[in-house]
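In numbering that gives the first Met the number 0, the protein residues as written are 0 to 139. Below: the structure, in structure tokens.
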Amino acid sequence: MTEPVKLTKLNIVVSDMAASVAFYRLLGVEIGESAEPYTGHHRSATMAGGIDLDLDSSQFASKWDPGWRGGLGVIGFEVDSREAVDERFATLTAAGYRAQLAPIDAFWGARYAIVEDPDGNPVSITSLPDDAMRSAPIEP
């Protein structure tokens, strides 16, 4: 594995989207609006340093991570290629780490996989999105 991995996303699964958006906005995070049907299920902000902060409902989290069992959400790492997602996933699962989601071509155009760290926290490995690989978004 010669390709570097970059922390690019923190995904927090929230119980009350409106309350969470209000809290993070009061904290100073610029959180954008979402179009229906995502308004109550997904919000995003890009933080200083380029890290994405996403807030998702548990209902929506269970759609994009069928292995999600509650808790924080997902800590997201990005690699530069689709092949590197498969390579990292194979390396981690061969070392005994539990897979939540084998590599897939995600609807937003990225290659995407989720593996649990030693404490059971979901860690995603994602490639850069490719517009040619985008598909219809999933409903929350």
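Backbone N, C-alpha and C fix where the C-beta goes; we use that ideal spot for every residue, glycine too.
Within the same chain, and ignoring the five residues on either side of E138 in sequence, the residues whose Cβ sits closer than 7 Å to its Cβ are P36. Taking C-beta atoms as the reference points, L9 and I113 fail to come closer than 8 Å. The Cβ atoms of T125 and A135 lie no closer than 8 Å to each other. Nearest Cα to W107 within the set M132, R87, A98: M132.
Counting only the Cα atoms, K5 lies some 11 Å from G48.
With a cutoff of 8 Å on beta-carbon distance, L52 and A44 are scored as near each other.
G66 is the residue among G66, Q58, D104 whose C-alpha sits nearest the C-alpha of N120. Per DSSP, S14 has no beta-bridge partner at all. Contact between S19 and V13 is confirmed by a C-beta separation of about 4 Å, below the 8 Å threshold.
For E2 against V78, the beta-carbon gap comes to about 6 Å, under 8 Å, which counts as contact.
In the DSSP annotation of this structure, the continuous segment of the beta strand (DSSP E) that includes L54 starts and ends at 51 to 56.
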